[in-house]
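Numbered continuously in UniProt numbering, the sequence shown closes out at residue 141.
Glycine included, each C-beta is placed from N, C-alpha and C at the ideal position.
Here the structure is a predicted model, which is why all the values come from computation and not from measurement.
Heads up, the thing below is written out as structure tokens.
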Amino acid sequence: MRAWYGFQTRTIPRRALMERLADGLPDDLIRHGKGCQSVTQDDDRATVTFTDGSTDIGDLLIGADGHHSAVRRCLWGDDAVQPAAFGTWQGLSPIDIDITHSNRSLMITGREGACGLMPAGDGSQAAMLARYSNRLSTPAE
């Protein structure tokens, strides 16, 4: 990867990434496990109302709530997302094989898709399967 992109890549579990990004921030700054009901903003701040009725106001709202983002839906509506021309399946598992203890990744690509194995630290391996298609499923006839 370094030869192609000029830097080494690393794969880490999402939970570990979240912990590293939050490290050093005040404990009450990040909200986990709350649903976003609405978002409003003005020139100076953003206000989020959670599904439990509580609110938070801040200079910055980061909507890191995934593919089905409630924050994105509140700001731009349901039509903001366009289906991708591919689908991926990803997993993480502890497995004691050579690749999990290295800095090497294995990627196999073809006309229909790709699969990859990447070390994810602590003896874990991340696996990815991707299917390239304009239609990920065939409708029933």
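(1) For the beta strand (DSSP E) containing arginine 73, name the first residue and the last one.
(2) Please report the straight-line C-alpha distance between threonine 100 and alanine 127, rounded to a whole angstrom.
(3) Determine, using beta carbons only, whether arginine 45 and isoleucine 57 come nearer to each other than 9 Å.
(4) So, with DSSP's three-state summary, where would you put isoleucine 57?
(5) My understanding is that serine 124 touches proline 94, with C-beta atoms under 8 Å, so please give their C-beta distance in whole angstroms.
(6) Is the beta carbon of cysteine 74 closer than 9 Å to that of threonine 51?
(7) Near aspartate 42, which residues of its chain fall below 7 Å by C-beta distance, leaving aside the five closest residues on each side in sequence?
(8) Isoleucine 108 to glycine 116, Cα distance in whole Å?
(9) Which term fits proline 119, buried or exposed, when burial requires 16 or more other beta carbons within 10 angstroms of its beta carbon?
Straight from the coordinates:
(1) For arginine 73, there is no enclosing beta strand (DSSP E); the enclosing alpha helix (DSSP H) covers residues 70-76.
(2) Taking the straight line joining both Cα atoms gives about 11 Å.
(3) Yes.
(4) Residue state, collapsed to three classes: strand.
(5) Serine 124 to proline 94, Cβ: 5 Å. Contact.
(6) No, they are not a contact pair.
(7) Cβ within range, chain order: n/a, list empty.
(8) Cα-Cα distance, rounded: 6 Å.
(9) Per the 10 Å Cβ criterion, buried.
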